[in-house]
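Written below as C-alpha cells is the structure these notes are about.
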Amino acid sequence: MRKFTINGAVHKGKHIEVTKYIKTADGIEIQIKHNVPSTAGKELRWVQTVTENGTFFKACKLRTYVDPFGKSGGIHTVALPAVPGVCKADDAKPFYYTDAEFAAGDGSFYDRPSESPPASGRTWIKFITALTEVTGTKVHHLVAISWGFDRLSDGTVLAAAIVRPSTAEMKAHGQALKRMYPGYTYT
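Okay, structure coming up:
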C-alpha cells in the first residue's frame, strides 16, 4: 500500500507501511507495520491522537484527544488528572497499546474505528498515528501519518487519504499529548 520513510537522523531511511486500509460499513480498518530495529534501552511505541466532531467529542467535550480515550466503562477505567469529566483512558500512559498489549503484540499497529451515522450532515474523524522511540518518559516521534473518514447521515463512509500530517496537525497532536499526559516529554 503506502510507505512513509523516516526523515530524521535516527533510523533514517527506515519506514512505516500501511498494509491495510479498508472502508467498512461503519468506518475504516487500518494496519501499519514498520521495519525499524529496536535499540537497547528504548522501546518503539505507537501513539495516536484523534480530532473529531462525533460521539466522543459530544461525550468527552474534547475536539482533539489521545486515543484510546472515551466514556467510562469497558477499557476506559483510568481517570486522568489533567482531563476531568466522564471520559477515561485505558491506562496512565500516552501509548496506543497498554504495556500488556505491547508485550503480547508484534509491533504493528491496528485499529478499526467506527461511527454511527449522524441525524443530519456529517461526522468527521481524523487520526494522527505515529511510531515513536521511547526512553523512560521521553517520547521521540520518528514518523507520523494522518488518516480518517467522514460518516454521512445516509450511512455513507468516505475514507480520507493517508498523508503526512501538516505542521498544524502535528502541533495539535503534540498539544493533546502534553495536556493529557504532562509527565512525558515529546519531540
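Just so you know, our numbering puts 157 at position 164 of the sequence shown, and the rest follows in order with no gaps. Heads up, the beta-carbon is just placed ideally off N, CA and C, and yes, glycines get one too. Only a predicted model underlies this, so the values are computations on that prediction, with no experimental measurement involved.
Close beta carbons around residue i, own chain, < 7 Å, minus the five adjacent residues each side
{"i": "I118", "result": "V43, E45, G47, P106, E108, G141, F142"}
{"i": "D99", "result": "none"}
{"i": "E162", "result": "I121, S139"}
{"i": "E22", "result": "K13, I15, R105"}
{"i": "K35", "result": "E126, V127, T128"}
Residues bridged to residue i [DSSP beta-bridge criterion]
{"i": "S139", "result": "I121, V156"}
{"i": "R38", "result": "T125"}
{"i": "K131", "result": "T128, T178"}
{"i": "G20", "result": "S107"}
With 16 other Cβ atoms within 10 Å as the buried cut-off, status of residue i
{"i": "I25", "result": "buried"}
{"i": "P30", "result": "exposed"}
{"i": "P158", "result": "buried"}
{"i": "K81", "result": "buried"}
{"i": "M173", "result": "buried"}
{"i": "P77", "result": "exposed"}
{"i": "T160", "result": "exposed"}
{"i": "T32", "result": "exposed"}
{"i": "A93", "result": "exposed"}
{"i": "P61", "result": "buried"}
Cβ of residue i within 8 Å of any chain C Cβ
{"i": "W117", "result": "This model lacks chain C altogether; it includes just one protein chain."}
8 Å CB neighbourhood of residue i in its chain, flanking five on each side removed
{"i": "G167", "result": "Y179"}
CB-CB length for residue i against residue j, believed under 8 Å
{"i": "Y177", "j": "T130", "result": "5 Å"}
query: Would the segment 22 to 40 and the segment 80 to 91 be scored as touching if the rule is three or more Cβ pairs under 8 Å?
result: yes
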